[in-house]
Amino acid sequence: MVIGTLIVRPKSAQLTKDVAFLVEMDPEIHVTIGSQKFKSSVAQGSGKNPVWPDQFNFRVMNDTLLTFTIYDHDDWSKSEFVAEGSCSIVNAFQGGKKTEFAACMRKGKNAGQVVFEFEFIPDAVSVQQVYQVQPALNVQQGFPQQISQTTQQNNFPQNSYPIQYQPQQFPPQQYPGQIPMQQYPPQQYPAQGYPPSGQAYPGAY
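Going by this note's numbering, the first residue of the sequence shown is number 1, and it counts up by one from there.
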(Lines of atoms letter the chains of each structure in order from A; the text may use other names.)
(Lines give C-alpha, C1' and ligand atoms only; values in the text may rest on other atoms or scores of the structure.)
Protein backbone atom coordinates (compact mmCIF):
# COMPACT_ATOMS: atom_id res chain seq x y z
CA MET A 1 0.00 0.00 0.00
CA VAL A 2 1.38 3.39 -1.07
CA ILE A 3 0.74 6.24 1.36
CA GLY A 4 2.51 9.58 1.39
CA THR A 5 2.84 12.99 -0.24
CA LEU A 6 3.27 13.33 -4.00
CA ILE A 7 4.81 16.62 -5.11
CA VAL A 8 3.61 17.57 -8.60
CA ARG A 9 5.27 20.32 -10.66
CA PRO A 10 3.64 21.10 -14.04
CA LYS A 11 6.77 22.50 -15.64
CA SER A 12 5.66 23.48 -19.14
CA ALA A 13 3.51 22.61 -22.13
CA GLN A 14 3.81 22.57 -25.93
CA LEU A 15 0.37 23.08 -27.42
CA THR A 16 -0.84 22.92 -31.01
CA LYS A 17 -3.64 25.50 -30.82
CA ASP A 18 -3.98 29.02 -29.45
CA VAL A 19 -7.65 29.72 -28.74
CA ALA A 20 -7.22 33.45 -28.10
CA PHE A 21 -8.26 36.00 -30.72
CA LEU A 22 -5.73 38.58 -31.90
CA VAL A 23 -3.55 38.12 -28.80
CA GLU A 24 -1.57 35.32 -27.22
CA MET A 25 -3.62 33.21 -24.82
CA ASP A 26 -2.94 33.06 -21.07
CA PRO A 27 -2.82 29.34 -20.19
CA GLU A 28 -3.42 27.91 -16.73
CA ILE A 29 -3.49 24.21 -15.81
CA HIS A 30 -5.82 22.43 -13.37
CA VAL A 31 -4.44 19.18 -11.90
CA THR A 32 -6.53 16.47 -10.16
CA ILE A 33 -5.65 13.31 -8.21
CA GLY A 34 -8.65 11.55 -6.71
CA SER A 35 -10.78 14.22 -5.04
CA GLN A 36 -7.92 16.74 -4.67
CA LYS A 37 -7.63 19.58 -7.17
CA PHE A 38 -5.07 22.37 -7.67
CA LYS A 39 -4.94 25.29 -10.10
CA SER A 40 -1.70 26.84 -11.35
CA SER A 41 -0.81 30.46 -11.78
CA VAL A 42 -1.56 32.11 -15.13
CA ALA A 43 1.20 32.11 -17.73
CA GLN A 44 0.38 35.56 -19.07
CA GLY A 45 0.72 35.94 -22.84
CA SER A 46 2.69 32.71 -23.27
CA GLY A 47 0.42 31.37 -26.01
CA LYS A 48 1.17 27.78 -27.03
CA ASN A 49 4.33 27.44 -24.90
CA PRO A 50 3.39 28.17 -21.29
CA VAL A 51 5.78 27.68 -18.35
CA TRP A 52 4.52 27.38 -14.77
CA PRO A 53 6.48 27.75 -11.50
CA ASP A 54 3.88 25.99 -9.34
CA GLN A 55 4.22 23.04 -7.00
CA PHE A 56 1.26 20.99 -5.72
CA ASN A 57 1.39 18.64 -2.74
CA PHE A 58 -1.08 15.75 -3.03
CA ARG A 59 -1.85 13.24 -0.29
CA VAL A 60 -1.96 9.87 -2.03
CA MET A 61 -3.12 6.41 -0.95
CA ASN A 62 -2.81 3.84 -3.73
CA ASP A 63 -3.63 6.46 -6.38
CA THR A 64 -2.23 5.71 -9.83
CA LEU A 65 -3.53 8.41 -12.19
CA LEU A 66 -3.34 12.18 -12.54
CA THR A 67 -5.69 14.15 -14.82
CA PHE A 68 -5.29 17.73 -16.02
CA THR A 69 -7.11 20.40 -18.01
CA ILE A 70 -5.63 23.53 -19.63
CA TYR A 71 -7.65 26.75 -19.95
CA ASP A 72 -7.10 30.15 -21.51
CA HIS A 73 -7.59 32.38 -18.47
CA ASP A 74 -9.96 35.32 -18.84
CA ASP A 75 -10.61 37.90 -16.13
CA TRP A 76 -13.84 39.20 -17.67
CA SER A 77 -15.57 36.06 -18.86
CA LYS A 78 -15.43 32.30 -18.51
CA SER A 79 -12.01 30.78 -19.16
CA GLU A 80 -11.93 28.87 -22.46
CA PHE A 81 -11.05 25.19 -22.68
CA VAL A 82 -7.77 24.41 -24.49
CA ALA A 83 -6.86 20.74 -23.93
CA GLU A 84 -6.96 17.89 -21.44
CA GLY A 85 -5.18 14.65 -20.64
CA SER A 86 -3.98 12.18 -18.02
CA CYS A 87 -0.71 10.79 -16.73
CA SER A 88 0.31 7.70 -14.75
CA ILE A 89 2.02 8.44 -11.43
CA VAL A 90 3.11 4.85 -10.65
CA ASN A 91 6.75 5.48 -11.56
CA ALA A 92 6.88 8.38 -9.10
CA PHE A 93 6.59 5.98 -6.15
CA GLN A 94 9.98 4.44 -6.91
CA GLY A 95 11.72 7.39 -5.25
CA GLY A 96 13.65 10.42 -6.42
CA LYS A 97 12.48 12.96 -9.00
CA LYS A 98 10.68 11.60 -12.04
CA THR A 99 9.85 13.45 -15.25
CA GLU A 100 6.82 12.44 -17.34
CA PHE A 101 5.56 13.71 -20.70
CA ALA A 102 1.78 13.56 -20.85
CA ALA A 103 -0.09 13.87 -24.13
CA CYS A 104 -3.14 16.13 -24.20
CA MET A 105 -6.17 16.04 -26.47
CA ARG A 106 -8.67 18.54 -27.87
CA LYS A 107 -11.92 17.34 -29.45
CA GLY A 108 -10.47 13.85 -29.90
CA LYS A 109 -7.29 15.07 -31.57
CA ASN A 110 -3.74 15.45 -30.39
CA ALA A 111 -3.22 18.91 -28.92
CA GLY A 112 0.35 18.73 -27.64
CA GLN A 113 1.99 17.58 -24.41
CA VAL A 114 2.64 18.67 -20.82
CA VAL A 115 5.89 18.09 -18.91
CA PHE A 116 5.43 17.03 -15.26
CA GLU A 117 7.99 16.51 -12.55
CA PHE A 118 7.07 14.18 -9.65
CA GLU A 119 8.65 13.61 -6.27
CA PHE A 120 7.20 11.14 -3.75
CA ILE A 121 7.70 11.33 0.02
CA PRO A 122 6.35 8.20 1.77
CA ASP A 123 4.93 8.29 5.25
CA ALA A 124 7.21 6.98 8.01
CA VAL A 125 4.68 4.32 9.11
CA SER A 126 2.65 2.30 6.62
CA VAL A 127 -0.89 1.11 7.18
CA GLN A 128 0.31 -2.50 7.38
CA GLN A 129 2.58 -1.60 10.32
CA VAL A 130 -0.13 0.38 12.09
CA TYR A 131 -2.70 -2.45 11.94
CA GLN A 132 -0.29 -5.33 12.50
CA VAL A 133 -1.78 -7.96 14.82
CA GLN A 134 -0.02 -8.02 18.16
CA PRO A 135 0.92 -11.42 19.69
CA ALA A 136 -1.09 -12.59 22.68
CA LEU A 137 0.40 -11.86 26.05
CA ASN A 138 1.56 -14.69 28.31
CA VAL A 139 -0.27 -14.17 31.56
CA GLN A 140 2.33 -15.93 33.64
CA GLN A 141 5.16 -13.96 32.11
CA GLY A 142 3.31 -10.72 31.53
CA PHE A 143 2.21 -9.97 35.07
CA PRO A 144 4.62 -11.63 37.56
CA GLN A 145 5.00 -8.47 39.55
CA GLN A 146 1.27 -7.99 40.03
CA ILE A 147 0.69 -11.60 41.18
CA SER A 148 3.53 -11.36 43.68
CA GLN A 149 2.12 -8.18 45.15
CA THR A 150 -1.37 -9.64 45.48
CA THR A 151 -0.08 -12.71 47.32
CA GLN A 152 1.91 -10.60 49.69
CA GLN A 153 -1.12 -8.48 50.52
CA ASN A 154 -3.39 -11.46 51.26
CA ASN A 155 -0.97 -13.54 53.39
CA PHE A 156 -0.25 -11.94 56.75
CA PRO A 157 3.30 -12.53 58.02
CA GLN A 158 3.57 -14.90 60.97
CA ASN A 159 5.40 -13.87 64.11
CA SER A 160 8.50 -16.02 64.54
CA TYR A 161 8.72 -15.36 68.30
CA PRO A 162 6.31 -16.82 70.93
CA ILE A 163 3.96 -14.34 72.46
CA GLN A 164 4.94 -13.59 76.07
CA TYR A 165 2.48 -12.11 78.54
CA GLN A 166 3.72 -10.11 81.47
CA PRO A 167 1.65 -9.15 84.51
CA GLN A 168 0.51 -5.60 84.50
CA GLN A 169 2.36 -3.36 86.93
CA PHE A 170 -0.58 -1.27 87.98
CA PRO A 171 -0.94 0.03 91.58
CA PRO A 172 -3.86 -1.34 93.64
CA GLN A 173 -7.06 0.21 92.48
CA GLN A 174 -8.67 2.57 94.93
CA TYR A 175 -12.32 3.43 94.83
CA PRO A 176 -13.49 6.98 95.28
CA GLY A 177 -13.87 7.92 98.95
CA GLN A 178 -11.81 5.02 100.12
CA ILE A 179 -9.12 5.92 102.63
CA PRO A 180 -6.10 3.74 102.71
CA MET A 181 -5.93 1.65 105.84
CA GLN A 182 -2.52 2.93 106.73
CA GLN A 183 -4.02 6.39 107.11
CA TYR A 184 -6.12 5.37 110.13
CA PRO A 185 -4.31 6.02 113.45
CA PRO A 186 -3.91 2.97 115.64
CA GLN A 187 -6.99 2.61 117.74
CA GLN A 188 -6.33 3.03 121.44
CA TYR A 189 -8.70 1.70 124.01
CA PRO A 190 -8.81 3.27 127.54
CA ALA A 191 -7.31 1.22 130.31
CA GLN A 192 -9.87 -0.81 132.06
CA GLY A 193 -10.65 0.52 135.50
CA TYR A 194 -9.74 -2.53 137.47
CA PRO A 195 -8.63 -1.67 141.01
CA PRO A 196 -5.16 -2.40 141.95
CA SER A 197 -4.42 -5.84 143.00
CA GLY A 198 -5.58 -6.48 146.55
CA GLN A 199 -8.06 -3.61 146.53
CA ALA A 200 -11.53 -4.67 147.41
CA TYR A 201 -14.49 -3.51 145.48
CA PRO A 202 -17.44 -2.22 147.39
CA GLY A 203 -19.82 -4.98 148.18
CA ALA A 204 -17.20 -7.62 147.65
CA TYR A 205 -16.77 -10.27 150.14
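For glycine and all other residues, C-beta sits at the position ideal for the given N, C-alpha and C.
In terms of Cβ geometry, K39 and R106 do not form a close pair [threshold 8 Å]. Beta-bridge analysis with DSSP links S40 to no other residue. The alpha-carbon separation between V60 and I3 amounts to approximately 6 Å. By the Cβ test, the segment 99-119 is in contact with the segment 7-22, since at least three Cβ pairs between them sit closer than 8 Å.
Residue environment analysis places V42 among the buried positions, since at least 16 neighbouring C-beta atoms fall within 10 angstroms of its C-beta. A contact between stretches requires three or more CB pairs, one per stretch, nearer than 8 Å, and the segment 91-102 fails this requirement with the segment 75-82. In the same chain as F56, and ignoring 5 residues on each side of it, the C-beta atoms closer than 7 Å to its own belong to V8, V31, F38, in chain order. At least 8 Å separates the beta-carbon of D54 from that of G34. Boundaries of the beta strand (DSSP E) harbouring D72: 65-72, taken from the DSSP string. Only exposed fits G96, as fewer than 16 other CB atoms lie within 10 angstroms of its CB. Excluding its 5 nearest sequence neighbours in each direction, G45 has C-beta neighbours in its own chain below 6 Å: E24, listed in chain order.
Ranked by how close their Cα comes to the Cα of K48, the residues T67, T69, S12 have S12 in first place.
In the structure shown, F21 adopts coil according to DSSP, grouped into three states. Rounded to whole angstroms, the separation of the alpha carbons of F58 and I121 is 10 Å. Look at N91 here: in three-state DSSP terms it is helix. In the structure shown, M1 adopts coil according to DSSP, grouped into three states.
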